[in-house]
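One structure below.
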C-alpha cells in the first residue's frame, strides 16, 4: 500500500531527527518544544517538520529542538514551564481551559459533525477568539493546530441507533461531560482508568468503550471487540504553541518565519493524519473488526441537552451555536 509505505518512511525520518536541532548553522535563539506524543505520532512528525522549516526560513538563526514522549515533563509541567520561561513550546489543547474557559470548545461532543466544520471553526472567528483568550489568560500563543482522530464506540454487537445502545455497559474517561452525554444517549457508562479497559472488556465487566482509531489499534481492542460503531461523537483539535516569553525574543522577521513554518507544518500534519486514518480503518478491518454506520443525527439530537447542561455558562452560547449549524 503506497500510503502506508510513504507514512512509514516519513515516520522513520521523524524518529531520526527527534530531539535534535535541525540547523547546522549557529543559532541566535533555540526553542525547546516538548510534547507527550511518541515518535510515530503525526503531531510529532508535524513538530519535526516545523523545526526544519524554521531553520530553513531563518537561515539557522532560530533552532527548534523537539522532545517527544514527555521528555521535558508532563503536559501541565511543560505549560507551567512555558509560563516561567524554562520551556518554550508544546502541543496542547483542552487542558488550557484551566486558565482559558473557551479552550473547552476544542472538545465538545457532537459539536462538530465533520472535519470540514471543525476546520471552519478552528480557523474562523470563533477560533480567533479562543486563541486570543489563551494568549491573554495563559501567556502562550497558538500558532497552528493539528486534528485528532474522532472518537468511536467499539462493542461486540453492531449499534446503529439509540434503541440498540440502550443499557450498554461501557467505559468512559472520568470526565463529567462524557459521562453525562452517554447517559443521555441511553447507555450505562462507567468511569474507568484506561489501563483497566482491556481486561474489563475481556471478562465482561463492560461491553464497550470509546476512543479514536489509533488508540483502538494500539490497545489491541480488536482482540476483545468485534465492531467499530462510527459514532464520531467527539472531533477535536490541538494547538502547536509557543510561550509569549519566547515569542517576544524573536524579531518581527523571525516571528513571520515561525508563523510561515507553522502553517506548513499544519498542512503537512493534515496529510499524514488523513493517510493514517485511512490506514487504520484498513488495518482494523484486516484484524476482523467491522465498521458500522450510525444514525449520527439522532445521537447528536439526544445528546444536545446533556452537553449544554455540562458546559460552563461562559461557553454555552457558543456550544448552542455549534449544535445549530
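Residue numbers (the working numbering): 168 to 492.
All residues carry an ideal CB built from backbone N, CA and C; glycine is no exception.
How many Å lie between residue i and residue j at the Cα?
i: residue 351; j: residue 225; result: 52 Å
i: residue 193; j: residue 272; result: With a pLDDT of 47 at residue 193, under the threshold of 50, the predicted position of this residue should be treated as unreliable, though the coordinate-derived value follows. Going by the C-alpha atoms only, they are around 41 Å apart.
i: residue 420; j: residue 254; result: 22 Å
i: residue 477; j: residue 228; result: 47 Å
i: residue 485; j: residue 298; result: 15 Å
i: residue 451; j: residue 367; result: 20 Å
i: residue 489; j: residue 281; result: 12 Å
i: residue 190; j: residue 444; result: Low local confidence applies: a pLDDT of 35 at residue 190 is under 50, so the model's placement there is unreliable, and no value is given.
i: residue 480; j: residue 247; result: 26 Å
i: residue 459; j: residue 448; result: 12 Å
i: residue 335; j: residue 323; result: 11 Å
i: residue 262; j: residue 201; result: 15 Å
i: residue 432; j: residue 316; result: 18 Å
i: residue 235; j: residue 204; result: 6 Å
i: residue 435; j: residue 310; result: 14 Å
Any beta-carbon of chain B closer than 8 Å to the one on residue i?
i: residue 434; result: Absence of chain B from the displayed structure is noted, only one protein chain being present.
Is the beta carbon of residue i less than 8 Å from the beta carbon of residue j?
i: residue 403; j: residue 260; result: yes
i: residue 238; j: residue 249; result: no
i: residue 275; j: residue 474; result: yes
Could you tell me how far apart the beta carbons of residue i and residue j are, in whole angstroms, since I believe they sit closer than 8 Å?
i: residue 395; j: residue 456; result: 5 Å
i: residue 409; j: residue 313; result: Incorrect: roughly 15 Å between the Cβ atoms, too far for contact.
i: residue 466; j: residue 398; result: 6 Å
i: residue 415; j: residue 302; result: At roughly 12 Å, the Cβ-Cβ gap does not stay under 8 Å, so residue 415 and residue 302 are not in contact.
Tell me the residue span of the beta strand (DSSP E) that contains residue i.
i: residue 378; result: 375-379
i: residue 355; result: 355-358
i: residue 309; result: 307-322
i: residue 457; result: 457-459
i: residue 394; result: 394-410
Give a single yes or no on whether residue i has its beta carbon closer than 7 Å to a heavy atom of the ligand COA.
i: residue 308; result: In terms of ligand content, the structure shown is empty, and the ligand COA therefore cannot be addressed.
Identify the continuous alpha helix (DSSP H) that holds residue i and give its terminal residues.
i: residue 366; result: 364-370
i: residue 253; result: Unbroken run through residue 253: none, as it is neither H nor E.
*Is the region 364-382 in contact with the region 291-301, if contact means three or more CB pairs nearer than 8 Å?*
no
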